[in-house]
Amino acid sequence: MKKELIFKLIELYCYVSAIYDSRLAHSVQRFSNNCSPKFTDEEIITIYLWATLQKQYTKKDVYKYAVNYLLEYFPNIPSYQAFNNRLNNLHEAFRELVCILTSIFTNEFSTTTENIVDSLPIALAQCRQLK
């Protein structure tokens, strides 16, 4: 990876970590024995956001991208099942993160305060041929 991209990845991680510590940690707090995992929530959020910026839109593609290109920077990436489970458990953190980022961009770029975000498009109908 180019040096510029590495610096952007580090910058994104630092930003996510700062927001996580100040605002997100309370919405996804764990009450189990594994409250300090080797692979942190900040790392999962950073990987998800970074991979999405690299046009990897499905969870499977995000995971493949992370294993193929980000393993050097995030050496404790778990199995796909564990990664997917942890990512699903962070839904509240992503909701809060979207609110935070929306308020920042709304203040800087527009005057409207109402926004709609679709994080998971759902197929309502599927074309099936009848025999």
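Take the sequence shown: its position 31, counted from the start at 1, is 31 in UniProt numbering, and no numbers get skipped. Glycine included, every Cβ here is placed at the ideal spot set by N, Cα and C.
Query: Assigned exposure category for V98 - 16 Cβ within 10 Å defines buried; Result: exposed
Query: CB-CB length for D41 against L90, believed under 8 Å; Result: 6 Å
Query: 7 Å CB neighbourhood of E43 in its chain, flanking five on each side removed; Result: F74
Query: Limits of the unbroken alpha helix (DSSP H) element including T46; Result: 41-53
Query: Local conformation of Y80 per DSSP, three classes; Result: helix
Query: Cβ pair I45, A93 closer than 9 Å; Result: yes
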